[in-house]
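Undergrad: In our numbering, the protein residues as written are 4 to 322. Every residue, glycine too, gets a C-beta built ideally from N, C-alpha and C. Being a predicted model, the structure only gives us computed values, none of them experimental. A single structure is presented below for examination.
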Amino acid sequence: MTRNVPVGNQTLYQMLTAAVSSEHLCHACLFFGEEGIGKRTAARFLASAVLCHRQGEKPCGECASCVKFAHQNHPDFYEYAGKRGKNAIGVDEIRRIRQDAYTIPNDGAYKVYLIPYAEEMSPAAANALLKVLEEPPAHAVFLLTANHYDRVMETIRSRCVKYPVLPLSDAQVETILAERFPDAAREAVQKASSLSGGNPGAAIRAMEETEEGMPIVQSVCDALAAGDEYALLCACTKAAASNQTMRAVLAGLLHTLRGALSAKTKQEPHVLASRMTMHGLTACIAVTEESIAALDGNVNGGLLAMELTARLMNARRLV
């Protein structure tokens, strides 16, 4: 293992590293920004740095503490696993955290508590947390994240150092995606990055949806190659399970059809290219592009699946 600073937000990570190195870290920090922007990533980086046993730049990524943290079994790190709404952290859990915070650390000088969605806490939970933030144990560090800064209780905000987490550049998002999806087509990575608005979480979700749709894309292509209208309808109906799935399937189909057209032009081997004419492939590409555009409107998934099936089959028959 080696020291691994997350991609993007260099100024933020420099500030966090400097705070730990100078031992001037506040006992409570609030990371805020839109969903998926990297708040929890930043909080975890800070937690691992606080718990790191080495001297010099932290986290080192190599000491016993860093290894435990990387394997998610560090005894002095707590991260609430709940989400939002009914699953947001409650007053009973905050009280357990408060009680635990006053016990000495197991493995070093600090205990670190990561609490996501701080704006979702009930007033009772927020007030219970406030009590420990007002009189924190010297060894306890509380890291909060929030999608909406202004919804966090003002008395909680006032006791935290605030760290905004900003959008990344397209190139930085591409770097994250390339590492997470090493087998993905560069075109898919670039598209997901460009549409993410600098939000790595959104880009990752888009890539995951694309990967989930690939088996359906293969079924659509197999049915097109065989001229099997029933199999094509079944595949398109699966794609219509959700708008996101249909969008991912159409994007994958468009990529495959363009590849087939290129292979046809260059007289290279390709299953679809061998079964369809140049005119047919071009028409299928147009149908797919129009279907993608239709998704931006209020279109019924079932009707789109039937229309897509009929239009693709008609396009396939072109000579």
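How big is the Cα-Cα spacing for Ala263 and Leu284?
TA: Near 8 Å, if we compare the C-alpha coordinates of Leu284 and Ala263.
Undergrad: Let me know the secondary structure DSSP gives Cys32 once reduced to three states.
TA: strand
Undergrad: Output the residue ranges of the beta strand (DSSP E) runs that lie fully inside the stretch 106-138 and measure 3 residues or longer, sorted by chain position.
TA: Fully enclosed beta strand (DSSP E) runs of no fewer than 3 residues occupy 114-118 of the stretch 106-138, in order along the chain.
Undergrad: Give the secondary structure of Arg320 by DSSP, where H, G and I count as helix, E and B as strand, and everything else as coil.
TA: coil
Undergrad: Please name the residue, chosen from Ala131, His74, Ala128 and Cys163, that lies closest to Thr144 on a Cα-to-Cα basis.
TA: Per the sequence shown, residue 144 should be read as Val rather than Thr. That would be Cys163, whose Cα lies nearest to the Cα of Val144.
Undergrad: Please give me, in chain order, every unbroken run of the alpha helix (DSSP H) with length at least 4 that falls completely inside the stretch 56-94.
TA: 67-73
Undergrad: What first and last residue would you give for the beta strand (DSSP E) that runs through Val144?
TA: Ala143 to Ala149 is the span of the beta strand (DSSP E), which, as asked, contains Val144.
Undergrad: In whole angstroms, what separates the C-alpha of Cys55 from that of Pro62?
TA: 5 Å
Undergrad: Using alpha carbons as the reference points, say which of Ser172, Arg98 and Arg320 lies closest to Glu232.
TA: Considering only alpha carbons, the answer is Arg320.
Undergrad: Whose CA, out of Arg99, Gln102, Cys29 and Asp110, lies closest to the CA of Val70?
TA: Asp110
Undergrad: With DSSP run on the structure shown, which of helix, strand or coil describes Pro203?
TA: helix
Undergrad: Residues in its own chain within less than 6 Å of Pro108 by CB, not counting five upstream and five downstream?
TA: Asp79, Lys114 and His142
Undergrad: Alpha carbon to alpha carbon, how far is Ala286 from Arg208? Give it in angstroms, no decimals.
TA: 30 Å
Undergrad: Residues bridged to Tyr166 by DSSP?
TA: Phe34
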